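*Asks:* Per the numbering used here, residue -2 is the first one in the sequence shown, and the count goes up by one each step. Each residue gets a CB set at the ideal place from its N, CA and C atoms; glycine is no exception. Because the structure is a prediction, the values reported are computed rather than measured. Take this structure first; my questions come after.
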Amino acid sequence: MPDLSKPLIEARNLSLRVPVITANERALMRNPLRLLGDFYFSRTVRSETTLLEDISFTLQPGERLGLIGANGAGKSTLLRVFAGIYAPSAGKLEVNGAANGLFDISLGMHPEATGLENIYLRGLQMGLGLKAIRSLIPDVMAFSELDEHIDKPLANYSTGMRLRLAIAVSTMIEPDILLLDEWIGAGDARFNAKVKERMMGLVEGSRGLVIATHNSGLMESLCTHGLVLDKGHVVFYGKVNDALEKYKATT
-2 MPDLSKPLIE ARNLSLRVPV ITANERALMR NPLRLLGDFY FSRTVRSETT
48 LLEDISFTLQ PGERLGLIGA NGAGKSTLLR VFAGIYAPSA GKLEVNGAAN
98 GLFDISLGMH PEATGLENIY LRGLQMGLGL KAIRSLIPDV MAFSELDEHI
148 DKPLANYSTG MRLRLAIAVS TMIEPDILLL DEWIGAGDAR FNAKVKERMM
198 GLVEGSRGLV IATHNSGLME SLCTHGLVLD KGHVVFYGKV NDALEKYKAT
248 T
């Protein structure tokens, strides 16, 4: 259980550096022996590039943080650090609770599997057990409105049907800390209203939110604080309106 007396997220001098891989090294099958050597013995010495540098801030329970910056500023990378996808290279990060990221809502779904089978595949990828997935299937079915199509292969679905299923499955559990790389929406106006209601329910039901978006109006309506990033560095951290003004002044 999370300690409600502690900050939701606390970062102190957090940095992330990753190795630089050349184009030739990406073609792994050209030199499989080198690949095995790297995997088992870490023989290759590579240069590194810094994606995040000296990130420090504290987010308290109930606060909602908007990550602000141009493309390449480090917003999506920082979200994935919070989610535990990337481990910091230096500094300190404490996330007090389970951070659930809605980054790729189709991750884990297979075109040859049926809609129902994909509910199980996506649910397992999200860390749910079979019993929990079975209990959530009626809600997924009702929300996606796929009816008899649920037993057909995903490859036979239209783009809209795939999106409805992906959204229904990805939003079927309420997160403790919600991480969003852009707001989730759908093309169809009627279904989009359902998605908006569902997403707002997830935001209201969570103990905190971190979202990266270029929609300043959405950020003002959702967030209490803003973190302005530029090339992996913190430019400003404070109230969301002040953060947006700071970003506008520097662009």
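(1) Here's the rule I'm using: 16 or more other beta-carbon atoms within 10 Å means buried, otherwise exposed. How should residue 161 be labelled?
(2) Once the 5 residues before and after residue 17 are set aside, which same chain residues still bring their CB inside 8 angstroms of it?
(3) Can you tell me the Cα-Cα spacing of residue 166 and residue 203, whole angstroms?
(4) Which residue marks the beginning of the beta strand (DSSP E) containing residue 77, and which one marks its end?
(5) Here's a check: name, in chain order, each residue in its chain whose Cβ is nearer than 8 angstroms to the Cβ of residue 217, leaving out the five neighbours to either side.
(6) What whole-angstrom Cβ distance do residue 106 and residue 163 have, given they're in contact under 8 angstroms?
(7) Can residue 223 and residue 63 be called in contact, C-beta distance under 8 angstroms?
(8) At the level of alpha carbons, what is the spacing between residue 122 and residue 101?
(9) Measure the alpha-carbon distance for residue 189 versus residue 182 and round it to whole angstroms.
(10) If you follow the beta strand (DSSP E) that residue 209 is in, where does it begin and where does it stop?
(11) If you compare alpha carbons, which of 53, 159, 141, 2 is closest to residue 13?
(12) Do residue 11 and residue 205 count as a contact pair if the criterion is CB distance below 8 angstroms?
(13) At which residues does the beta strand (DSSP E) containing residue 239 begin and terminate?
(14) Taking the Cβ atom as the reference point for each residue, do residue 76 and residue 207 lie within a distance shorter than 8 angstroms?
(15) With distance defined between alpha-carbon atoms, name the residue in 235, 138, 96 nearest to residue 6.
(16) Is the CB-CB distance between residue 74 and residue 90 below 8 angstroms?
(17) Restricting to Cα atoms, I'd like to know which of 173, 219, 129, 68 is closest to residue 193.
(18) Please classify residue 70 as buried or exposed, where buried requires at least 16 neighbouring CB atoms within 10 angstroms.
(19) So, is residue 128 buried or exposed, given that buried needs 16 or more other C-beta atoms within 10 angstroms?
(20) Since residue 157 contacts residue 198 with CB under 8 angstroms, what's their CB separation in whole angstroms?
*Replies:* With the structure as the only source:
(1) Classification of residue 161: buried, given that the 10 Å Cβ count is 16 or more.
(2) Same-chain partners within the cutoff: 43, 44, 45, 46.
(3) Distance from the CA of residue 166 to the CA of residue 203, rounded to the nearest whole angstrom, comes to 18 angstroms.
(4) No beta strand (DSSP E) contains residue 77, which is instead part of the alpha helix (DSSP H) from 72 to 79.
(5) Correct list, in chain order: 237, 238, 241.
(6) That belief holds up - the Cβ atoms of residue 106 and residue 163 are roughly 7 angstroms apart, short of 8 angstroms.
(7) With a cutoff of 8 angstroms on beta-carbon distance, residue 223 and residue 63 are scored as near each other.
(8) Going by C-alpha positions, residue 122 is about 12 angstroms away from residue 101.
(9) Whole-angstrom Cα-Cα distance: 6 angstroms.
(10) That run of the beta strand (DSSP E) goes 205 to 209.
(11) Nearest to residue 13 by C-alpha distance, out of 53, 159, 141, 2, is 53.
(12) It is not a contact, given that the beta carbons lie outside the stated cut-off.
(13) Counting along the chain, residue 239 falls outside any beta strand (DSSP E), though it belongs to the alpha helix (DSSP H) covering 237 to 246.
(14) Yes.
(15) Of 235, 138, 96, the residue nearest in Cα terms is 96.
(16) Pairing residue 74 with residue 90 gives a Cβ-Cβ distance that is not under 8 angstroms.
(17) Cα-wise, what sits closest to residue 193 is 219.
(18) With 16 or more other Cβ atoms within 10 Å, it is buried.
(19) Exposed.
(20) The pair is not a contact, with the Cβ atoms about 22 angstroms apart (cut-off 8 angstroms).
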